[in-house]
Amino acid sequence: MAALCVLATVDANGWPQARTLVLRDLGLRLALFMSATSPKFSELSSGSALHRASICLYLPSIQVQYRAHVDLEPVEASLIAESWQLRPRMPKVLDWFYTQRQRQSSEVSSRANLLQALQSLPLPEPLVAPETARGFYLELHDLERLDLAQPDGLHDRVRWARSAGGWKLSTLLP
């Protein structure tokens, strides 16, 4: 599960939204990729110039949770195009379906009809990222680590917070 995170946002109606996404390692930076047709993209890219979100990772094998507040910075189009090629075929086809036919998360009549529509979807040759492929770098604002596997049963919880002088470590009540 180390490659997965839960992304938390707030929708236009003020409802919290959480969904599991693949957390991408781009050298020294972490990023999330998505379709510009998805609700999460609208939630992350609307409003003020500074875009923020929260992510959570849970590593069940060691019983550790990481939770972070992140500032978002757009990933360059060339890197999106390159990274998009590493995706499995079906997510690539879906990206083109979102772009050509229906926005991500919209209703379909049935799974069977969706599968049929995906099989008949015209795709570019070579298969390249659609213009709706997007990505955000995650710039950590703060990071919490909750270790549930303490022998004495008292969870260990710490937070690193970024400030002008660097990172400050604090111990928190679990």
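In my numbering, the protein residues as written are 0 to 173.
Here a beta-carbon is modelled for each residue, glycine too, at the ideal position from N, C-alpha and C.
Find the nearest neighbour of residue i within the set the options, judged by alpha-carbon distance.
i    : options                   : result
Q84  : V69, L120, F32 and R51    : F32
S104 : T36, L137 and D24         : T36
K91  : V69, L117 and W14         : L117
L71  : P173, R51 and A7          : R51
L171 : G164, G165 and L142       : L142
D3   : V9, D24, D10 and Q16      : The amino acid at residue 3 is misidentified as Asp; the sequence shows Leu. Ranking the options by Cα distance to L3, first place goes to D24.
A163 : L120, H140, R144 and S169 : H140
Since residue i contacts residue j with CB under 8 Å, what's their CB separation in whole angstroms?
i   : j  : result
I54 : V5 : 7 Å
Could you give the DSSP three-state label for residue i: helix, strand or coil?
i    : result
S109 : coil
T131 : coil
T170 : strand
R102 : coil
A17  : strand
R88  : helix
I79  : helix
A53  : Looking at the sequence itself, residue 53 is Ser, so the reference to Ala does not match. In the structure shown, S53 sits in a strand (DSSP, three-state: E or B).
D10  : coil
Taking its Cβ as the centre, do 16 or more other Cβ atoms sit within 10 Å of residue i, making it buried, or is it exposed?
i    : result
K39  : buried
S34  : buried
A132 : buried
W95  : buried
T19  : exposed
R88  : exposed
R66  : buried
Please list, in chain order, all residues of the same chain as residue i whose beta carbon is under 6 Å from its beta carbon, the five residues on each side excluded.
i    : result
Q149 : D155
A48  : Only weak support exists for where A48 lies, its pLDDT of 49 falling under 50; the value from the coordinates is given anyway. Nothing meets the Cβ criterion.
Keeping to the same chain, check which residues put their C-beta closer than 8 Å to that of residue i; ignore five residues upstream and five downstream.
i    : result
I79  : F32, A128, A132, R133 and G134
L153 : P173
S109 : none
Please go through the same chain and pick out, in chain order, the residues whose beta-carbon is closer than 7 Å to the beta-carbon of residue i, but skip the five residues on each side of it.
i   : result
V74 : A30, G134, F135 and Y136
Does the ligand FAD have even one heavy atom less than 7 Å from the beta-carbon of residue i?
i    : result
G165 : As for the ligand FAD, it is missing from this structure, which has no ligand bound.
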